[in-house]
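Participant: Let me give you the structure first, and then I'll get to my questions.
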Amino acid sequence: MKRRIFKFIVTALAFFVSATPLIAEDAFSTLDNLEKNYVGIEKAGLNTLIAKALTPAYPETAITVYWSREKGLKVKAEGGGPAAMGAGLMVESFVRAAGLGLKKSSEEFKLTKETVDATIEAGTLEDGTKVSVLTFIPKKGQDLDFKKMVVKVDGKKWLVRQMVLTTKEGEEVITNITYNKDGLFAKMVSSVGKVKTTMTTTYGEKGKFTVPAKQVIEMEGPNVPEEMKSMTITYSDVEVNAKIPEDVFAEPKVGDVPKPTETAAQLFQQAQAAMQKGDMDTAKLKLRQIVTYYPNDPMATAADMMFKQLPK
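Letter by letter, the sequence shown follows residues -24 to -1, 1 to 288 in mature numbering (1 follows the signal peptide of the UniProt record, and there is no 0).
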């Protein structure tokens, strides 16, 4: 359930963007406008950020968040055995909610004129806010991660207020978003079936920059594990514009990794089996082979995230 919930949250987060008011001609120009003007906490002058992330859900795991304007976001988790991987994935998912390291939705979900049909129309939220309603539907023959995606944008402040996503399995994910006075993400309420996830984010100051301080995630619904009903992530020891160790963003080179004969899916299964046996060296090799030789395969993203969480 954890991986499923995190996937839905990341899907929604890709649309947490704001922009300067511009009159858009169509859904694609609106999306382009949102992405080009998104700032969040990644303001000019902030080039790197390092922070410790502490969560009682993983008390034995040391989690460090690294963000570089040039290289993106990476979360490393060490200690705590196999649970460390889950800790890293969780923090990476939620730290994006603070506006750090968000990926462009057009790239994340392949929203182009060749892959989806898109429309835009005027709408109104329950609180009376006027919005532009963007609807994206995969074109025939396109195998995307959703059947339908509806994004509602505040036409005055240009903030995404609501997203309704229908998955390939037919589930509807409804996400409502509110922001603080600075236009930063403050609260997200996401419903998937009978499960509701509420996430609030508060911020602190480091010099002239805004940085994440604390996130509280609460889940309600049947079959929600006890440890997931209430989770807290606290960020401390925040450093801005400090040098990040070179090995943090180091990627494996083709010459360093044996070329596999298996498919990406087979390698992923082998990596999981190796981890269950405690053979982390084999698991690392299989995951590196996926990332190195199958960079465009759907399994590559998951493999990369898993590899980052394994102990060195």
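Quick reminder that beta carbons are idealized off the backbone N, C-alpha and C, glycines included.
Just so it is clear, the structure is predicted and the values come from calculations on it, not from any experiment.
So is Asp130 buried or exposed if we call it buried at 16+ other beta carbons inside 10 Å?
Facilitator: Classification of Asp130: buried, given that the 10 Å Cβ count is 16 or more.
Participant: In terms of DSSP beta bridges, what is Gln138 paired with?
Facilitator: DSSP output for Gln138 lists Lys128, Asn152 as bridge partner(s).
Participant: Decide if Thr95 is buried, meaning its Cβ has at least 16 other Cβ atoms within 10 Å, or exposed.
Facilitator: Counting Cβ neighbours within 10 Å, Thr95 comes out exposed, since fewer than 16 surround it.
Participant: On the premise that Ala241 lies in contact with Met251, defined as a C-beta separation below 8 Å, what is that separation, rounded to the nearest angstrom?
Facilitator: So it is not a contact: roughly 16 Å between Cβ atoms.
Participant: State the Cα-Cα distance for the pair Lys124 and Lys190, rounded to the nearest angstrom.
Facilitator: Each residue's Cα considered, the two are about 33 Å apart.
Participant: Check Phe85 in the structure and name its three-state DSSP category.
Facilitator: Coil, per DSSP.
Participant: What number of angstroms, rounded off, separates the C-alpha of Phe244 from the C-alpha of Tyr179?
Facilitator: For Phe244 and Tyr179, the distance between alpha carbons rounds to 37 Å.
Participant: How big is the Cα-Cα spacing for Ser212 and Ile220?
Facilitator: Rounded to the nearest angstrom, the two C-alpha atoms are 16 Å apart.
Participant: Quick check on Gln118: buried or exposed, where buried means 16 or more other Cβ atoms within 10 Å of its Cβ?
Facilitator: Exposed.
Participant: When DSSP labels each residue in this structure, what does Ala278 get in the three-state scheme?
Facilitator: Helix, per DSSP.
Participant: Less than 7 Å between the beta carbons of Ala73 and Thr237, yes or no?
Facilitator: Contact flag unset, no.
Participant: Within the same chain, show all residues whose beta-carbon is closer than 8 Å to that of Asp121, passing over the 5 residues directly before and after it, in chain order.
Facilitator: Cβ neighbours of Asp121 beyond the five flanking positions: Thr(-14), Phe85, Thr143, Lys144.
Participant: Skipping 5 residues on each side, what residues in its chain have a beta carbon closer than 7 Å to that of Phe4?
Facilitator: Contacts found: Lys89, Ala94.
Participant: So for Pro(-4), helix, strand or coil by DSSP?
Facilitator: Note that Pro(-4) has pLDDT 37, beneath the 50 cutoff, so the model's placement of it is unreliable and the number below is only indicative. If DSSP states are grouped into helix, strand and coil, Pro(-4) belongs with coil.
Participant: Have a look at Thr154 and Asp257 and give me their C-alpha separation to the nearest angstrom.
Facilitator: Rounded to the nearest angstrom, the two C-alpha atoms are 44 Å apart.
Participant: As an exercise, report each continuous beta strand (DSSP E) stretch of at least 3 residues that is fully enclosed by the segment 5 to 46, in chain order.
Facilitator: 24 to 30, 38 to 44, all fully within the segment 5 to 46.
Participant: Is Val149 near Val168, with beta carbons less than 7 Å apart?
Facilitator: Contact flag set, yes.
Participant: Measuring alpha carbon to alpha carbon, tell me which of Leu25, Leu7, Asp273 ends up nearest Lys182.
Facilitator: Residue Leu25 is the option with its Cα nearest to Lys182.
Participant: Just to check my reading of the structure: Gln285 and Leu65 have Cβ atoms closer than 8 Å, yes? What is that Cβ distance to the nearest angstrom?
Facilitator: Rounded, the Cβ-Cβ distance is 7 Å, consistent with contact.
Participant: Are there 16 or more other CB atoms within 10 angstroms of the CB of Ala247, so buried, or fewer, so exposed?
Facilitator: Label assigned to Ala247: buried.
Participant: Can you tell me the Cα-Cα spacing of Lys133 and Gly55, whole angstroms?
Facilitator: Spanning the two alpha carbons is a distance of roughly 43 Å.
Participant: Use the C-beta contact count for Gly48: other C-beta atoms within 10 angstroms, 16 or more gives buried, fewer gives exposed.
Facilitator: Exposed is the call here.
Participant: Do Tyr42 and Val267 come within 7 Å of each other at the CB atom, strictly closer than that value?
Facilitator: Cβ distance not < 7 Å, so Val267 and Tyr42 don't count as in contact.
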